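Everything below concerns the one structure shown next.
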Amino acid sequence: MAFNQIEQLKNELRARPLLRNNQYEVFVAGPNCLGSNTSDLFWAQEVTVPGRALSTREIRTFGPQRDMPYERLYSGDLEITFVSQKGENIRAYFEKWMDCIIDPFENTISEDRDEYLGGIEIDVLLENGDVTAQYAVFEVFPKSISPVNLSYTSVNEYVTFSVSFSFRSYEHIQK
Numbered sequence: 393m394a395f396n397q398i399e400q401l402k403n404e405l406r407a408r409p410l411l412r413n414n415q416y417e418v419f420v421a422g423p424n425c426l427g428s429n430t431s432d433l434f435w436a437q438e439v440t441v442p443g444r445a446l447s448t449r450e451i452r453t454f455g456p457q458r459d460m461p462y463e464r465l466y467s468g469d470l471e472i473t474f475v476s477q478k479g480e481n482i483r484a485y486f487e488k489w490m491d492c493i494i495d496p497f498e499n500t501i502s503e504d505r506d507e508y509l510g511g512i513e514i515d516v517l518l519e520n521g522d523v524t525a526q527y528a529v530f531e532v533f534p535k536s537i538s539p540v541n542l543s544y545t546s547v548n549e550y551v552t553f554s555v556s557f558s559f560r561s562y563e564h565i566q567k
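So this is what it looks like as structure tokens:
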């Protein structure tokens, strides 16, 4: 898009402002096994939304080979780094969620997948707080929780930990 005048650029940016990667909210809908039937806002320091690709197979019917797509691929897991706050034990929440999947005492896997699946919604915000885009992530469960690093030399840092979520698919919704 070429702009002949600076006023055209200013008008375009007013009409369609640039999105900032630090304006977002994360809502987690926990599984049935935790008695959670609502989405809760979690304070996430960093979110890595996975990429998307198509698997292809080379096919030759006539002439040069062609790549033919046959399935969707999502590159990696959904990675979210959470900030720990006094009075809220977010890490314990995800540990309990993992205990719903594999019982920590009997070491048995839950037979009902629907009991431990949840969902995550990531809202991308404008500067005024309005939601402009949304990632709805389906069939989610925590796959791993990172260690928590504590250090006397980390004076100006917060206690954080990352959770890697497995998921089936996501939908990117423009508002």
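Per my numbering, the sequence shown runs over residues 393 to 567. Each residue gets a CB set at the ideal place from its N, CA and C atoms; glycine is no exception. Everything numeric in this text was worked out from a predicted model, so none of it was measured.
Residue i and residue j closer than 8 Å at C-beta
i       : j       : result
Glu-563 : Ala-525 : no
Cys-557 : Lys-535 : Per the sequence presented here, residue 557 reads as Phe, with Cys not at that position. Yes, the Cβ-Cβ distance between Phe-557 and Lys-535 is below 8 Å.
Ile-512 : Val-441 : no
Leu-465 : Ala-484 : no
Arg-560 : Phe-533 : no
Ile-514 : Val-439 : yes
Exposure label - residue i; buried when at least 16 CB within 10 Å
i       : result
Phe-486 : buried
Pro-461 : exposed
Ile-472 : buried
Phe-474 : buried
Tyr-416 : buried
Asp-459 : exposed
Gly-510 : buried
Val-540 : exposed
Ala-407 : exposed
Those residues which DSSP pairs with residue i across a bridge
i       : result
Arg-380 : Nothing about residue 380 can be reported from this structure: the residues present for the chain run from 393 to 567 only.
Leu-426 : BP columns for Leu-426 are empty, so no partner.
Asp-506 : Answer is none; Asp-506 lacks a bridge partner.
Phe-434 : Val-418
Met-460 : Arg-449
Tyr-550 : Beta-bridge pairing links Tyr-550 to no other residue.
Gln-526 : Asp-515 and Ile-565
| the stretch 439-451 / the stretch 474-486 touching (three or more Cβ pairs under 8 Å) | Short answer: they don't touch.
| said: Closer than 8 Å is the cut-off here; do at least three beta carbon pairs connect the stretch 405-417 with the stretch 497-509? | reply: no
| request: Spell out a yes or no on whether the stretch 487-496 and the stretch 425-436 are touching, meaning 3 or more CB-CB pairs, one atom from each, closer than 8 Å. | output: Yes: the two stretches touch, three or more of their Cβ pairs being nearer than 8 Å.
| request: Could you tell me whether the stretch 507-523 touches the stretch 535-545, using the rule of 3 or more Cβ pairs below 8 Å? | output: No: fewer than three Cβ pairs fall under 8 Å.
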